[in-house]
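In the working numbering, the protein residues as written are 141 to 554.
This report refers to the structure that appears directly beneath it.
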Amino acid sequence: MTFEEIRNNDKKYIVNMYGRFDMAVDHAEGATVFDVEGRKYIDMTAGIGVVSMGYADPGWIKAVSGQLEKYQHVSNLFYQEPGAELAEELVRRTGMSKALFVNSGSEANEAAFKIARKYGNTAAKGTGKPGKMEFSYGVFKGKAPESFDKGRNAIISLRDSFHGRTIAAITATGQEKYHKYFDPFAPGFYYADPGDLSGLKELADEVYPCAVVMELVQGEGGVNVLDKEFVKGVEKLCRERDIALIADEVQTGIGRTGSLFAFQQYDIKPDMVTFAKGIGNGLPIGGVICSDKYADVLEPGDHGCTYGMNPVCCSGASYVLSRIDDPFLAGVREKGEYIRERLEAFSEVEKTTGLGLMIGVVLKSMDPSEACVKLLENGVMTLTAGNKVRLLPPLVISYEEIDEAMKGFEKVFG
Ligand SMILES: Cc1ncc(COP(=O)(O)O)c(C=O)c1O
141 MTFEEIRNND
151 KKYIVNMYGR
161 FDMAVDHAEG
171 ATVFDVEGRK
181 YIDMTAGIGV
191 VSMGYADPGW
201 IKAVSGQLEK
211 YQHVSNLFYQ
221 EPGAELAEEL
231 VRRTGMSKAL
241 FVNSGSEANE
251 AAFKIARKYG
261 NTAAKGTGKP
271 GKMEFSYGVF
281 KGKAPESFDK
291 GRNAIISLRD
301 SFHGRTIAAI
311 TATGQEKYHK
321 YFDPFAPGFY
331 YADPGDLSGL
341 KELADEVYPC
351 AVVMELVQGE
361 GGVNVLDKEF
371 VKGVEKLCRE
381 RDIALIADEV
391 QTGIGRTGSL
401 FAFQQYDIKP
411 DMVTFAKGIG
421 NGLPIGGVIC
431 SDKYADVLEP
441 GDHGCTYGMN
451 PVCCSGASYV
461 LSRIDDPFLA
471 GVREKGEYIR
481 ERLEAFSEVE
491 KTTGLGLMIG
501 VVLKSMDPSE
511 ACVKLLENGV
521 MTLTAGNKVR
531 LLPPLVISYE
541 EIDEAMKGFE
551 KVFG
């Protein structure tokens with residue numbers, strides 16, 4: 141099909157829920173993408189933080205196709221080596237206890253919310269199972285949530301956060317624009333301002349939460365790096381009050397910020413870490429890694445996911461993890477610094493934000509969406525986030541590809 145034919149078919153047959161760029165992809169290699177008309181682009185999006193190992197990585201293709209030749213799916217009713225192996229590696233590299241697998245970031249957060257709620261609902265009722273109340277809440281201020289008599293089940297998230305598109309995940313998402321049209325929302329979600337520890341404590345006094353969820357670098361909200369003192373303060377509060385600290389690492393995880401998970405740079409121990417995107421390298425997989433305390437909260441029948449722990453996805457994911465060692469992570473940090481330095485030299489760039497290869501670009505006068513269109517015309521694929529241009533290149537992007545992208549950036553920002 142020609143580009144025109146693809147676009148016409150898309151407009152006619154696909155639900156109009158995405159603002160698409162005027163480009164149709166034909167094939168790709170490394171961090172370089174070719175469109176159906178033969179034009180070449182440097183990809184600074186990695187499929188929104190997904191294609192961590194780049195396109196057409198031979199090792200990943202071998203891992204995935206090798207599993208495809210064995211079997212593609214049997215369901216979660218049977219033990220399977222690819223999932224068991226992947227979980228072991230995730231646990232080993234995080235110091236946590238157990239993992240579960242789903243298909244996406246939203247579902248990973250849903251699963252973490254369910255674990256926190258089951259723990260909170262049973263613990264707060266004083267059953268002692270699966271976790272008994274280990275703290276004294278002090279004076280309970282404000283109005284208790286309606287469901288309080290049933291347990292401790294409120295979930296606090298941060299303003300400007302993004303946690304996904306399912307009903308619970310958009311409810312947890314602290315941005316009004318995602319809430320338009322979709323009420324009524326799931327009850328029991330409350331928002332605190334990032335950086336405002338006393339505000340979060342006051343809210344916790346009021347709503348008696350079972351969990352606090354946060355992205356350590358808010359992705360969709362504008363590549364906002366959370367303050368270390370604030371994050372440590374939230375962790376302390378969670379410890380004192382037996383609240384689950386959930387790190388949503390769907391975008392920040394799997395090497396993106398220069399460590400395997402961003403929490404490892406914050407010197408904290410979350411109770412649950414949710415992941416997706418980069419571990420799949422393009423195949424749909426997400427999951428939750430749980431600390432000891434939350435590892436056995438779910439029992440058979442409490443939760444499920446038909447494709448969760450799919451062996452093809454898990455084999456690809458184990459390959460991705462095997463590539464992310466210390467030298468690889470040092471490379472991510474170095475390339476991130478190099479990109480930021482080069483960008484900050486352009487006259488249109490006010491400043492950059494982010495960690496590793498998760499980069500936000502604040503512009504002086506240009507509209508970020510218009511900038512992305514112009515950048516594409518000049519051979520660079522980019523994203524927006526909040527009021528910034530956002531860059532999430534494949535972690536394996538080469539310096540040659542970065543320099544090539546800079547030629548496009550220079551034409552638009554120079
Ligand atoms: C931090 C974060 N959490 C959750 C999600 C939702 O992931 P998915 O689109 O795979 O459901 C995203 C997606 O952008 C994300 O950035």
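Backbone N, C-alpha and C fix where the C-beta goes; we use that ideal spot for every residue, glycine too.
Compute every distance between the C-beta of residue i and the non-hydrogen atoms of ligand 1, then say whether any falls below 7 Å.
{"i": "residue 416", "result": "yes"}
{"i": "residue 249", "result": "yes"}
{"i": "residue 244", "result": "yes"}
{"i": "residue 310", "result": "no"}
{"i": "residue 305", "result": "yes"}
{"i": "residue 499", "result": "no"}
{"i": "residue 315", "result": "no"}
{"i": "residue 566", "result": "Look at the range of the chain in this structure, 141 to 554, and you will see that residue 566 is not part of it."}
{"i": "residue 494", "result": "no"}
{"i": "residue 302", "result": "yes"}
{"i": "residue 187", "result": "no"}
{"i": "residue 427", "result": "no"}
{"i": "residue 175", "result": "no"}
{"i": "residue 214", "result": "no"}
{"i": "residue 507", "result": "no"}
{"i": "residue 359", "result": "yes"}
{"i": "residue 388", "result": "yes"}
{"i": "residue 391", "result": "yes"}
{"i": "residue 355", "result": "yes"}
Per DSSP, residue i forms a beta bridge with which residues?
{"i": "residue 297", "result": "331"}
{"i": "residue 180", "result": "174"}
{"i": "residue 388", "result": "414"}
{"i": "residue 499", "result": "494, 531"}
{"i": "residue 524", "result": "529"}
{"i": "residue 354", "result": "387"}
{"i": "residue 349", "result": "294"}
{"i": "residue 429", "result": "239, 413"}
{"i": "residue 191", "result": "Partner(s): none; residue 191 has no beta bridge."}
{"i": "residue 364", "result": "358"}
{"i": "residue 149", "result": "Paired residues: none, contrary to the question."}
{"i": "residue 314", "result": "299"}
{"i": "residue 319", "result": "According to DSSP, which records beta bridges pairwise, residue 319 is partnered with nothing at all."}
{"i": "residue 423", "result": "421"}
{"i": "residue 168", "result": "173"}
{"i": "residue 489", "result": "503"}
Thinking C-beta only, is residue j closer than 8 Å to residue i?
{"i": "residue 302", "j": "residue 334", "result": "no"}
{"i": "residue 460", "j": "residue 193", "result": "yes"}
{"i": "residue 294", "j": "residue 378", "result": "no"}
{"i": "residue 239", "j": "residue 429", "result": "yes"}
{"i": "residue 422", "j": "residue 395", "result": "no"}
{"i": "residue 475", "j": "residue 484", "result": "no"}
{"i": "residue 495", "j": "residue 414", "result": "no"}
{"i": "residue 455", "j": "residue 206", "result": "yes"}
{"i": "residue 221", "j": "residue 445", "result": "no"}
{"i": "residue 553", "j": "residue 481", "result": "no"}
{"i": "residue 493", "j": "residue 509", "result": "no"}
{"i": "residue 521", "j": "residue 181", "result": "yes"}
{"i": "residue 300", "j": "residue 361", "result": "yes"}
{"i": "residue 438", "j": "residue 255", "result": "yes"}
{"i": "residue 518", "j": "residue 471", "result": "no"}
{"i": "residue 213", "j": "residue 451", "result": "yes"}
{"i": "residue 356", "j": "residue 403", "result": "yes"}
{"i": "residue 164", "j": "residue 146", "result": "yes"}
{"i": "residue 448", "j": "residue 390", "result": "no"}
{"i": "residue 536", "j": "residue 199", "result": "no"}
{"i": "residue 298", "j": "residue 332", "result": "yes"}
{"i": "residue 252", "j": "residue 443", "result": "no"}
{"i": "residue 312", "j": "residue 353", "result": "yes"}
{"i": "residue 343", "j": "residue 296", "result": "yes"}
{"i": "residue 227", "j": "residue 533", "result": "no"}
{"i": "residue 157", "j": "residue 431", "result": "no"}
{"i": "residue 420", "j": "residue 190", "result": "yes"}
Kindly say whether residue i, judged by its beta-carbon, lies nearer than 8 Å to any beta-carbon of chain C.
{"i": "residue 347", "result": "Annotation note: the requested chain C is absent from the structure, which comprises a single protein chain."}
Using a threshold of 7 Å, is the CB atom of residue i nearer than that to any non-hydrogen atom of ligand 2?
{"i": "residue 330", "result": "Ligand 2 is absent from the structure shown, which contains only ligand 1."}
Every unbroken alpha helix (DSSP H) within the segment 194-232, with a cutoff of 4 residues, ordered by chain
198-210
Quick check on the DSSP output: what are the complete alpha helix (DSSP H) runs of length 4 or more inside the segment 434-474, in order along the chain?
451-463
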